[in-house]
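One structure below.
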Amino acid sequence: GRTRRRRADEEEKQRRADEKAAAKAATAARKEEEKREKERIRIETIAAAEVRSNVEEMRETIETLRAALREEVAERAAAEEWRTIAERRRRQAEANLHQALQQH
0 GRTRRRRADE
10 EEKQRRADEK
20 AAAKAATAAR
30 KEEEKREKER
40 IRIETIAAAE
50 VRSNVEEMRE
60 TIETLRAALR
70 EEVAERAAAE
80 EWRTIAERRR
90 RQAEANLHQA
100 LQQH
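At the far end of the sequence shown sits residue 103, using the working numbering, and the numbering has no gaps.
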């Protein structure tokens, strides 16, 4: 019965060693998975920040272009107004000249 007990003890010792190794492997796998998850989150966070930054830059560019366009439109309107005024004055001057010539 002694040999059988020794064999049973050794089998028990082996079983415990196997369980310990399996637990260690499971822990290592879980840690690796957590590390991968952290890295994925880090990369996604960086990507999201990059996108936000690009969107912000585009918005600023659009605002700048809009402002420039508004200025351009305002300048053209002002130029058009001055042309109208100048044309009116020219016609008035011609009319005055015509009138002056008729009176003499």
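All C-beta atoms, glycine included, are put in the ideal place defined by N, C-alpha and C. This one's a predicted model, so the numbers in the text were calculated from it and none came from an experiment.
Between the CA atoms of residue j and residue i - distance to the nearest angstrom
i     : j      : result
Glu10 : Ala22  : 18 Å
Thr26 : Arg35  : 14 Å
Glu71 : Glu62  : 14 Å
Glu79 : Ala85  : 10 Å
Glu49 : Leu64  : 22 Å
Gly0  : Asp8   : 12 Å
Asp17 : Thr44  : 40 Å
Arg4  : Ala24  : 30 Å
Glu59 : Arg89  : 45 Å
Glu32 : Ala66  : 51 Å
Ala99 : Ala92  : 10 Å
Asn95 : Gln102 : 11 Å
Lys19 : Lys12  : 11 Å
Ser52 : Leu68  : 24 Å
Val54 : Arg41  : 20 Å
Neighbourhood of residue i by C-beta distance below 7 Å, restricted to the same chain and skipping five residues each side
i     : result
Ala77 : none
Own chain partners of residue i with C-beta closer than 6 Å, once the 5 adjacent residues on each side are dropped
i     : result
Arg29 : none
If you scan the stretch 20-99 from start to end, which runs of the alpha helix (DSSP H) of 4 or more residues do you find wholly inside it? Entirely contained in the stretch 20-99, not one alpha helix (DSSP H) run reaches 4 residues.
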